[in-house]
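Worksheet: one structure, shown below.
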Amino acid sequence: MSTQDKLEQKKKQWEQNTLNKALSKFPERKTEFTTGSSLPVDRIYTPPQDCQEKYVEDLSFPGEYPYTRGIQPTMYRGRLWTMRQYAGFGTAEESNQRYKYLLEQGQTGLSVAFDLPTQIGYDSDDDHSLGEVGKVGVAIDTLEDMEILFEGIPLQKVSTSMTINAPASILLAMYMAVGDKQGVNNTQLKGTIQNDILKEYIARGTYIFPPEPSMRLITNIFEFCSEHVPKFNTISISGYHIREAGSTAVQEVAFTIADGIEYVKSAIKTGLDVDSFAGRLSFFFNAHNDLLEEVAKFRAARRIWAKVMKEKFHAQNQKSLLLRFHTQTGGSTLTAQQPDNNIVRVTIQTLAAVLGGTQSLHTNSRDEALALPSEQSVRIALRTQQIVAHESGVINSVDPLGGSYYIEHLTDEIERQVWEYLDHIEKIGGMVEAINKGFIQKEIQDAAYHYQQDIENSERIVVGVNKFTVEEAPPKDLLKVDPQLRKIQVTKIDKIKQNRDNLQVKNNLKELRSAAEHKSKNLMPYILDSVRVYATLGEICTVLRDVFGEYQESIVL
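For the sequence shown, the working numbering begins at 2 and goes up steadily by one.
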């Protein structure tokens, strides 16, 4: 059989099987896709006859293993990515108004930013919270704050992503409790909790507990949600913060996949079948300015994860093989100098995410190097996604850059280097051991150092920073958080404690403590019971701190 015949046969099989199934689920949004000059655009393109051999041997169609060209046969022709804007600041009331504004502007999913005390398990009235309440996200102390945060937002109609890690189980329990109060069944709730503690030890630092109990909480969530909240993504394995800490694109993929491997191993070790939870694992990547490298990075990541799940963990369900990912444009690429230039950077990064096949996207705002984004800035950031979606034409064909000599070379080379890292981490003893020995941290630190050296030596140009600079006045109308916010939150907490059933709170926290002391017990039901009687986030975390202890970072020399 000739190469051309093989390709035609493969295309027919794809159309009969994978594609037809996808079209029955996600009919294409238009009857005809065309360019601006009314030229027809095919769903998928394959190589010309003189270079078909490599295509037949190495590449798949979209929606087919190993998913290099996309996890869905139709991709954005069937359904656009979820447009999210990561938002949260001040009080729950203020953040609720921002969410409603964004939904009115066409955002299709919510993404919650929590303040630093919430992220590390302290209430707003704790001394550790001084100066930080509501600054980098919304302050959530009790279920009442969560109720206010989603007031007037029907949870059965929106998908909510929550960037929360160490206390992820508590915030998920609060979200479920709000759903209950809205009359929304748990099976209807859709969204994602980040719930990725390993990258906190590597790159971000908002950890609470040591690795072992932290991994227990994560696998407890996997198990609980597989039965009670089946549409919720139980983890967003995050390369974003690894990249923000200074890693290369290759390291971002390698260390994120290595984290994912560790979570799967941990869940299987507790007795879970891989196909019972793997389909709800999701990923979170960065998008930087090197447009084509970023596109290749996403394609390589999909291929590697599919191979890991099939060959290492022997997953049988197709959904277990799919690397579904959210993308956020690169915060570390934004400059305080000439902030309007950031609009262009974010546009390039948006294109990278879309051309790379993201399922969900947050676009950063132009003023984020200076302050929390203003309302006008978040609207421009959201409009960037909408213009790419509806005006650029890049979404009309699946994997439009596939087959480019450069793209395919970059995809192959990134994959090769990622496998080298994965093999080395395996020899060390896995990701937890690699973190404990400081290997991952040092690799990132070295990459960040070399990057900064390149900027300072002008070997890497950053427009407006080390070239094309101008004298400029500080921007006006930056968003500022009310310095009296902590007093507002403390008053709320005091009122809750006066009006709740404190005896029931005490009993529920006591039961949580007892369950935490028994490693075989799933803690989610006990956390949910505590949340429902308005135990505070800090009270719940204090119980778990007493049982689990706190993680102390070792110094890597």
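Here a beta-carbon is modelled for each residue, glycine too, at the ideal position from N, C-alpha and C. Computed from a predicted model, the values in this text were never measured in an experiment.
Return the residue from the list the options that minimises the CA-CA distance to residue i.
i	options	result
L552	N318, S398, I209, K511	The sequence as given places Tyr at residue 552; Leu does not occur at that position. Ranking the options by Cα distance to Y552, first place goes to I209.
G394	L20, T35, L8	T35
G539	A288, K11, A23, P118	P118
M310	V139, L324, F299	L324
T220	I198, T207, A390	I198
M525	E518, L513, V534, G64	L513
I45	S160, I396, E473	I396
R93	E148, S61, L81	Residue identity differs from the one stated: residue 93 is Ala in this sequence, not Arg. With distances taken between Cα atoms, A93 lies closest to E148.
R244	E472, E444, L480, Q5	E444
G132	D547, Q490, P41, P484	P484
S378	I344, W306, T351, N523	I344
G349	R99, D43, G331	According to the sequence provided, residue 349 is Ile. The question's Gly does not apply to it. That would be G331, whose Cα lies nearest to the Cα of I349.
I141	A307, G240, Y535	Y535
Y406	A23, Q17, N342, L293	L293
T143	A316, D530, H363, N523	D530
V548	S521, D291, A516	A516
E201	Y241, H229, M177	Y241
E253	A288, V230, S25, A268	A288
R533	D447, Q329, L172	L172
A337	Q442, K477, L282	K477
Assuming residue i and residue j are in contact, meaning their beta carbons sit under 8 Å apart, how far apart are those beta carbons, in whole angstroms?
i	j	result
V134	L510	No, V134 and L510 are not in contact; Cβ-Cβ is about 23 Å, not under 8 Å.
A169	I528	The pair is not a contact, with the Cβ atoms about 10 Å apart (cut-off 8 Å).
F326	F284	4 Å
L273	F223	6 Å
A255	E295	Contact flag wrong, Cβ pair sits at about 15 Å.
V471	Q339	7 Å
Q195	M163	7 Å
A449	A246	7 Å
Y77	R303	Contact flag wrong, Cβ pair sits at about 15 Å.
Using the beta-carbon count (16 or more within 10 Å), is residue i buried or exposed?
i	result
L558	A caution first: L558 carries a pLDDT of 49, below 50, which makes its placement in the model unreliable, though a value can still be read off. Its Cβ having fewer than 16 others within 10 Å, L558 is exposed.
L504	exposed
S237	buried
N21	exposed
G261	buried
K500	Residue identity differs from the one stated: residue 500 is Asn in this sequence, not Lys. By the neighbour-count rule (16 or more Cβ atoms within 10 Å), N500 is not buried but exposed.
S321	buried
P74	buried
T492	exposed
E421	exposed
R367	buried
E460	exposed
S160	buried
R85	buried
F115	buried
D126	buried
K112	The identity of residue 112 in the sequence shown is Ser, whereas the question assumes Lys. Buried.
E518	exposed
F225	buried
G71	buried
Q10	exposed
With respect to 7 Å, is the separation between the Cβ of residue i and the closest non-hydrogen atom of the ligand FMN below this value?
i	result
Y264	The model depicted lacks the ligand FMN and carries no ligand whatsoever.
With a cut-off of 8 Å, does the C-beta of residue i fall near any C-beta of chain D?
i	result
E294	Going by chain labels, chain D is absent from the structure shown, which holds only one protein chain.
**Study point:** Inside the stretch 189-248 only - alpha helix (DSSP H) runs reaching at least 4 residues
**Key:** Listed in chain order, they are 212-229, 241-245.
Review point. Does the pairing of the stretch 89-96 with the stretch 26-38 give three or more beta-carbon distances under 8 Å?
Key: No, the stretch 89-96 is not in contact with the stretch 26-38.
Point to revise | Entirely enclosed beta strand (DSSP E) segments - the stretch 107-150, minimum 3 residues | key: Within the stretch 107-150, the complete beta strand (DSSP E) runs of at least 3 residues are 110-114.
Exercise for review: Spell out a yes or no on whether the stretch 151-170 and the stretch 184-192 are touching, meaning 3 or more CB-CB pairs, one atom from each, closer than 8 Å.
Suggested key: These segments touch.
Point to revise | 4 or more residues per run - each alpha helix (DSSP H) lying fully within the stretch 357-402 | key: You should have 376-392.
**Study point:** 3-residue-minimum beta strand (DSSP E) runs that sit fully inside the stretch 71-102, ordered along the chain
**Key:** Entirely contained in the stretch 71-102, the beta strand (DSSP E) runs reaching 3 residues are, in chain order, 83-88.
Point to revise | Ordered list of beta strand (DSSP E) runs contained in the stretch 321-355, each at least 3 residues | key: The stretch 321-355 is shown to contain whole beta strand (DSSP E) runs of 3 or more residues at 326-330, in chain order.
Exercise for review: Give a yes or no on contact between the stretch 176-187 and the stretch 118-131, applying the rule of three or more CB pairs nearer than 8 Å.
Suggested key: Output reads no: the stretch 118-131 does not touch the stretch 176-187.
Point to revise | Touching by the beta-carbon criterion (3+ pairs, under 8 Å), the stretch 296-303 and the stretch 344-364 | key: Enough Cβ pairs lie closer than 8 Å, so yes.
Practice item. May I ask you to verify whether the stretch 426-441 touches the stretch 375-392, counting CB pairs closer than 8 Å and requiring at least 3? Key: The stretch 426-441 makes no contact with the stretch 375-392, as fewer than three CB pairs between them are under 8 Å.
Check your understanding: Does the stretch 367-385 touch the stretch 398-406, meaning 3 or more C-beta pairs lie closer than 8 Å?
Key -> In short, these stretches do not touch, since the Cβ pair count stays below three.
Review point. Does the stretch 105-115 come close enough to the stretch 446-459 that 3 or more CB-CB pairs lie under 8 Å?
Key: Segment contact: the stretch 446-459 against the stretch 105-115, fewer than three CB-CB distances shorter than 8 Å; contact not assigned.
Check your understanding: What runs of the alpha helix (DSSP H), each 4 residues or longer, lie entirely inside the stretch 241-307?
Key -> Runs of the alpha helix (DSSP H) lying entirely within the stretch 241-307 and spanning at least 4 residues, in chain order: 241-245, 250-270, 275-278.
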